[in-house]
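Chemist: Quick one: this structure, given as structure tokens, is what I'll be asking you about.
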Amino acid sequence: MQHATLCHYKGTRTTREGLETIPLPPASATYQPVPYNHLIDLVLKATSDRSLELAGEDHCISREGQRYFGVFEFNSPSTEHALAVGIRSSYDQSMTNSLASGIKVFVCENMSFNGEFTLFRKHTKFVLRDLPGIVGRSVDNVIAAHLQQEVLDAALREYDLGTAEVNDLIIKSFERGVIGCHAIPKILKEWAAPSYPEFKPRSAYSLLNCFTQVLKESPIMEMVERTTTLNSLFKERVGKDILAT
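Per our numbering, the very first residue in the sequence shown carries number 9; after that it's consecutive.
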């Protein structure tokens, strides 16, 4: 999967069927366990209700099934971007029920958990009541953000850049930690000779994709945060007025 990454070191990959074999711990006055597959079913129902098509999934457990990590990728008829959802939970009370969503998500058993949006719910009273709404809001948030991203993309395609503005955006991206100094020559090279013909127009959209090509070389754990910061930078430059309409 290109948009959802599950990283594990000592954990074991599994399936939804495998998760069913893990015993659910007993509830108490202060603790309400949530079956892993129940959380998965809520994600799949929320996405199906919003006409998202499941394109891929990956699951991992650690500590003999006491911790669970999963990622899902969906295609959407309303946006050209694939959508991703990451989830994690536990039976040993070490983690809350957690959801990450966005164009890219990264979930790792070392506790790294990244996406454009993250929501959490403890294993306390009424968790089973509250989770459907939490999951639904998470999916709604990312769909709305991606529809807005497509409005921004259209604005970026119409926004022509001169050399001075290209240089200014590259410097600002360096100042905000999107890229290191070693990446600047690579971006300039990609701008001068795009890898794909659709990015030959001298537009802000083409420059954004120059960054995207170079950011693919970044560690996966950093890519989500850097991409989010980069999108914010371009939004400030060319999309703010359009997105406000």
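A virtual CB, placed ideally from N, CA and C, is assigned to each residue, including glycine.
Since this is a predicted model, take the numbers as computed values, not measurements.
Go to serine 109, then tell me how far its alpha helix (DSSP H) extends in each direction, as first and last residue.
Modeler: For the purposes of this step, residue 109 is taken as residue 101 along the sequence shown, with counting starting at 1. Run containing serine 109: none in the alpha helix (DSSP H); it sits in the beta strand (DSSP E), 105-110.
Chemist: Return yes when the C-beta of histidine 89 is under 8 Å from any heavy atom of the ligand GTP, and no when it is not.
Modeler: Ligands in the displayed structure: none, and consequently the ligand GTP is not present.
Chemist: Helix, strand or coil for phenylalanine 134? Go by DSSP, reduced to three states.
Modeler: In the sequence shown, counting from the first residue as 1, residue 134 sits at position 126. Note: phenylalanine 134 maps to coil in three-state DSSP.
Chemist: Pairing CB atoms from the segment 157-176 with CB atoms from the segment 205-214, are three or more of them under 8 Å?
Modeler: Short answer: they touch.
Chemist: Using only CA atoms, which one of Val115, Ala90 and Pro43 lies nearest to phenylalanine 77?
Modeler: In the sequence shown, residue 77 corresponds to position 69, counting from 1. Looking at the Cα atoms, Val115 is the closest of the given residues.
Chemist: Have a look at proline 31 and asparagine 122 and give me their C-alpha separation to the nearest angstrom.
Modeler: To locate residue 31, count along the sequence shown from 1; it is residue 23. To locate residue 122, count along the sequence shown from 1; it is residue 114. Taking the straight line joining both Cα atoms gives about 28 Å.
Chemist: Which ranges does the alpha helix (DSSP H) cover as unbroken runs of at least 4 residues, wholly within the segment 142-203, from first to last along the chain?
Modeler: 171-183 and 192-200
Chemist: Among the residues of its own chain, which have a CB less than 6 Å from the CB of threonine 126, if the five just before and after it don't count?
Modeler: One-based indexing of the sequence shown puts residue 126 at position 118. Hits under 6 Å: Ala108.
Chemist: Let's test the definition: count the other Cβ atoms within 10 Å of the Cβ of threonine 253 and tell me whether it reaches 16, buried, or not, exposed.
Modeler: The residue you call residue 253 lines up with position 245 of the sequence shown. Residue placement at threonine 253 cannot be trusted, given a pLDDT of 46 that sits under 50; the coordinates are not used to answer.
Chemist: Under 9 Å, do glutamate 124 and asparagine 149 count as touching if we go by C-beta distance?
Modeler: Numbered from its first residue, the sequence shown carries residue 124 at position 116. Numbered from its first residue, the sequence shown carries residue 149 at position 141. Result yes, Cβ atoms of glutamate 124 and asparagine 149 sit closer than 9 Å.
Chemist: When DSSP labels each residue in this structure, what does glycine 94 get in the three-state scheme?
Modeler: On the sequence shown, position 86 is the one that residue 94 refers to. Glycine 94: strand per DSSP, three-state reduction.
Chemist: Buried or exposed: tyrosine 99, going by 16 or more other Cβ atoms within 10 Å of its Cβ?
Modeler: On the sequence shown, residue 99 is found 91 positions in, with the first residue counted as 1. Buried: at least 16 other Cβ atoms inside 10 Å.
Chemist: So the candidates are Cys218, Asn83 and Val147; which of them puts its Cα closest to the Cα of proline 205?
Modeler: Indexing the sequence shown from 1 puts residue 205 at position 197. Out of Cys218, Asn83 and Val147, Cys218 has the C-alpha closest to the C-alpha of proline 205.
Chemist: My guess is that isoleucine 95 and leucine 47 are in contact by the Cβ rule of under 8 Å, so how many angstroms apart are they, rounded?
Modeler: The count along the sequence shown starts at 1 and reaches residue 95 at position 87. The count along the sequence shown starts at 1 and reaches residue 47 at position 39. Between leucine 47 and isoleucine 95 the Cβ distance is about 6 Å, and since that is below 8 Å, they are a contact.
Chemist: Does DSSP put isoleucine 48 in a helix, a strand or coil?
Modeler: Taking the first residue of the sequence shown as 1, we reach residue 48 at position 40. Three-state result, isoleucine 48: helix.
Chemist: Measure the C-alpha to C-alpha separation of glutamine 40 and leucine 50 and round it to an integer number of angstroms.
Modeler: Counting from one through the sequence shown, the residue named residue 40 turns up at place 32. Counting from one through the sequence shown, the residue named residue 50 turns up at place 42. Glutamine 40 and leucine 50 have their C-alpha atoms some 17 Å from each other.
Chemist: In chain order, what residues of the same chain have a beta carbon less than 8 Å from the beta carbon of isoleucine 192, not counting five sequence neighbours either side?
Modeler: Numbered from its first residue, the sequence shown carries residue 192 at position 184. Only Ile178 and Phe182 meet the Cβ criterion.
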